[in-house]
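Since the structure comes first, as structure tokens, the remarks are kept for the end.
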Amino acid sequence: MEKGPFVCTGCALLCDDISVELQNNNVSRVDTACRKGVSRIKGCISPMPCTVDGKATDINIAIKGAASVLKAAKHPLIFGHGNSTLEAQIRAIELAKKLNGHIDDTSSFCQGPLVEAILYEKLPTCTLDEVRHKADVIIFWGADPSHSHPRHLSMYSYFPRGKQRQRGWEEDRTAVVVDVRKSDTATVCGDMFYEIPIRADSEFMESLVSALSNKVPKTSFNMDPKRILELANILKKAEFGVVFAGLGMTYSLDSLEPLFRLMSKLNETSKFHLIPMVGQYNMRGFDHNLFKETGYINRVHFSGESIDHGPNHSIVELVNNNIVDAVLIIGSDPLASLPGQVAKKLSKISLITIDPCENLTSRKSKVTIPSALSGVECGGTAVRMDGVEVTLKQIIDSNRLTDEQIIARIMEEI
Ligand code: SF4
Numbered sequence: 000m001e002k003g004p005f006v007c008t009g010c011a012l013l014c015d016d017i018s019v020e021l022q023n024n025n026v027s028r029v030d031t032a033c034r035k036g037v038s039r040i041k042g043c044i045s046p047m048p049c050t051v052d053g054k055a056t057d058i059n060i061a062i063k064g065a066a067s068v069l070k071a072a073k074h075p076l077i078f079g080h081g082n083s084t085l086e087a088q089i090r091a092i093e094l095a096k097k098l099n100g101h102i103d104d105t106s107s108f109c110q111g112p113l114v115e116a117i118l119y120e121k122l123p124t125c126t127l128d129e130v131r132h133k134a135d136v137i138i139f140w141g142a143d144p145s146h147s148h149p150r151h152l153s154m155y156s157y158f159p160r161g162k163q164r165q166r167g168w169e170e171d172r173t174a175v176v177v178d179v180r181k182s183d184t185a186t187v188c189g190d191m192f193y194e195i196p197i198r199a200d201s202e203f204m205e206s207l208v209s210a211l212s213n214k215v216p217k218t219s220f221n222m223d224p225k226r227i228l229e230l231a232n233i234l235k236k237a238e239f240g241v242v243f244a245g246l247g248m249t250y251s252l253d254s255l256e257p258l259f260r261l262m263s264k265l266n267e268t269s270k271f272h273l274i275p276m277v278g279q280y281n282m283r284g285f286d287h288n289l290f291k292e293t294g295y296i297n298r299v300h301f302s303g304e305s306i307d308h309g310p311n312h313s314i315v316e317l318v319n320n321n322i323v324d325a326v327l328i329i330g331s332d333p334l335a336s337l338p339g340q341v342a343k344k345l346s347k348i349s350l351i352t353i354d355p356c357e358n359l360t361s362r363k364s365k366v367t368i369p370s371a372l373s374g375v376e377c378g379g380t381a382v383r384m385d386g387v388e389v390t391l392k393q394i395i396d397s398n399r400l401t402d403e404q405i406i407a408r409i410m411e412e413i
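Each step along the sequence shown adds one to the number in numbering that gives the first Met the number 0, with nothing skipped, and position 365 is 364.
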């Protein structure tokens with residue numbers, strides 16, 4: 000029997016129209032989701048084992064083992080959170096406080112600067128629902144949602160017919176791609192692809208600001224100024240524009256100043272917004288939670304009543320400078336995503352991993368604790384890439400503890 004709708008936690012788009020078929024408490028069929036979502040909802044290929052020092056054990060011993068590693072540590076770090084519910088993230092922040100420890104997430108080396116600028120109201124933003132109903136000009140900048148968020152174009156940004164965009168992508172929407180290569184999303188957008196060299200994003204932003212100011216734009220790379228002027232004209236006439244900022248843009252910018260200048264210039268003549276293309280389903284939720292608690296979105300150190308913040312409290316710096324002596328990793332695989340030298344150093348520290356699925360980091364961990372897969376084996380709440388809170392529903396029964404319950408049990412032991 001078909002059941003739903005459920006929310007997919009395969010990426011930060013959090014598609015809320017998923018229906019499934021169940022057989023003996025297993026998901027036998029998933030409708031509506033993309034392939035990425037189907038594999039997420041169908042569960043892990045390699046479920047996380049419950050271990051201490053590489054030996055299988057029961058959950059109570061693993062929780063006690065995790066608590067004793069953290070209690071013995073002088074400088075513990077709690078890292079991850081992007082694949083946990085808001086409720087689990089709040090518990091993780093409480094644990095970091097209790098331990099006088101550090102807390103950080105992947106936003107410290109990906110979309111954090113953009114989320115922070117939005118929370119400080121330095122960048123105008125909007126919701127994906129507004130994009131669906133109102134957007135007439137969409138820019139994918141350093142982003143390829145056809146792969147990273149496969150239903151982005153069909154659910155919200157390009158193909159749907161919105162209330163104010165009844166004639167859809169054929170007549171009512173213009174989609175532009177700025178990227179260093181012709182991605183699949185760029186192929187969809189046809190002539191509106193602007194290919195720029197690697198790390199030329201800020202230069203292209205400045206040339207667009209010139210074109211928007213009716214000056215002849217100049218670039219050090221080979222792009223016809225007429226094409227930039229043509230783009231500037233489209234942007235000036237936009238009624239509701241949105242920039243989807245991908246990692247390609249964020250990694251290329253040494254500072255957000257050129258982006259601020261471009262957004263402010265665009266907003267002199269039209270209405271433009273920015274949404275960061277967040278990957279993990281609830282990374283933005285963690286940043287919101289920590290911001291509420293401390294005024295910062297990541298890289299925080301609790302010490303008694305005081306809160307320190309800064310680049311020196313990021314996972315990369317803490318590991319590189321041999322500061323941390325134990326790391327609790329929740330729903331993340333830093334050994335697979337950090338630069339090789341940092342990952343090598345991290346693998347030598349006492350690691351505890353809480354995750355539904357086995358990964359490279361868990362294979363190097365002193366303690367591994369399996370948790371329920373959120374959005375499938377447990378419910379909760381999360382924040383979508385545009386900042387909207389979404390309720391996740393449980394699809395199948397599970398006797399696995401949630402991240403929130405595991406962290407609460409570790410706190411009790413400490
Ligand atoms: S686009 Fe993202 S949220 Fe939507 S079904 Fe695919 S993986 Fe899931």
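Where a beta carbon is used, it is the ideal one built from N, C-alpha and C, also for glycine.
Enclosing alpha helix (DSSP H) for residue i [first to last residue]
| i | result |
| --- | --- |
| residue 333 | 333-336 |
| residue 208 | 200-211 |
| residue 232 | 224-236 |
| residue 2 | It is not in any alpha helix (DSSP H) - residue 2 instead sits in the beta strand (DSSP E) that spans 1-5. |
| residue 317 | 314-319 |
| residue 185 | 183-188 |
| residue 278 | It is not in any alpha helix (DSSP H) - residue 278 carries neither H nor E in the DSSP assignment. |
| residue 167 | 167-170 |
Whole-angstrom distance between residue j and residue i, CA atom to CA atom
| i | j | result |
| --- | --- | --- |
| residue 20 | residue 190 | 41 Å |
| residue 225 | residue 255 | 26 Å |
| residue 207 | residue 177 | 12 Å |
| residue 32 | residue 17 | 6 Å |
| residue 220 | residue 234 | 22 Å |
| residue 359 | residue 124 | 36 Å |
| residue 150 | residue 144 | 8 Å |
| residue 52 | residue 346 | 14 Å |
| residue 85 | residue 197 | 36 Å |
| residue 414 | residue 140 | Lying outside 0 to 413, the shown extent of the chain, residue 414 is not represented and no answer is given. |
| residue 299 | residue 313 | 8 Å |
| residue 388 | residue 68 | 34 Å |
| residue 156 | residue 110 | 20 Å |
| residue 277 | residue 392 | 21 Å |
| residue 228 | residue 368 | 56 Å |
| residue 204 | residue 136 | 17 Å |
Host beta strand (DSSP E) of residue i (start-end)
| i | result |
| --- | --- |
| residue 95 | Taken as a continuous stretch (DSSP letters only), residue 95 belongs to no beta strand (DSSP E), being part of the alpha helix (DSSP H) at 85-97. |
| residue 304 | Residue 304 -> no beta strand (DSSP E), and no H or E assigned at all. |
| residue 289 | It is not in any beta strand (DSSP E) - residue 289 instead sits in the alpha helix (DSSP H) that spans 282-293. |
| residue 30 | 25-30 |
| residue 173 | 173-178 |
| residue 197 | From DSSP, residue 197 is part of no beta strand (DSSP E); its letter is neither H nor E. |
| residue 18 | 17-22 |
Burial state of residue i, where buried means 16 or more other Cβ atoms lie within 10 Å
| i | result |
| --- | --- |
| residue 411 | exposed |
| residue 22 | exposed |
| residue 62 | buried |
| residue 231 | buried |
| residue 238 | exposed |
| residue 146 | exposed |
| residue 167 | exposed |
| residue 75 | buried |
| residue 173 | buried |
| residue 183 | exposed |
| residue 295 | buried |
| residue 88 | buried |
| residue 83 | buried |
| residue 250 | exposed |
| residue 333 | buried |
| residue 309 | exposed |
| residue 215 | exposed |
| residue 200 | buried |
| residue 253 | exposed |
| residue 279 | buried |
Any chain B beta carbon closer than 8 Å to residue i
| i | result |
| --- | --- |
| residue 309 | The displayed structure is made up of one protein chain only, and chain B is not part of it. |
- Message: Could you tell me which whole beta strand (DSSP E) segments of length 3 or greater appear in the region 329-413?
- Response: Fully enclosed beta strand (DSSP E) runs of no fewer than 3 residues occupy 349-354, 366-369, 379-382, 388-391 of the region 329-413, in order along the chain.
- beta strand (DSSP E) runs contained entirely in the region 33-91, provided each spans 3 or more residues: The region 33-91 contains these whole beta strand (DSSP E) runs: 75-79.
- Complete runs of the beta strand (DSSP E) confined to the region 98-155 [at least 3 residues]: Whole beta strand (DSSP E) segments, 3+ residues: 101-104, 136-140.
- Query: Who sits around the ligand SF4, taking every residue whose Cβ is closer than 6 Å to one of its heavy atoms?
  - Reply: With 6 Å as the limit, the residues whose C-beta approaches any heavy atom of the ligand SF4 more closely are 7, 9, 10, 12, 13, 14, 32, 33, 35, 36, 148, 149, 150, in sequence along the chain.
- Message: At 4 residues or longer, what runs of the alpha helix (DSSP H) sit wholly inside the region 239-273?
- Response: The region 239-273 contains these whole alpha helix (DSSP H) runs: 246-251, 256-268.
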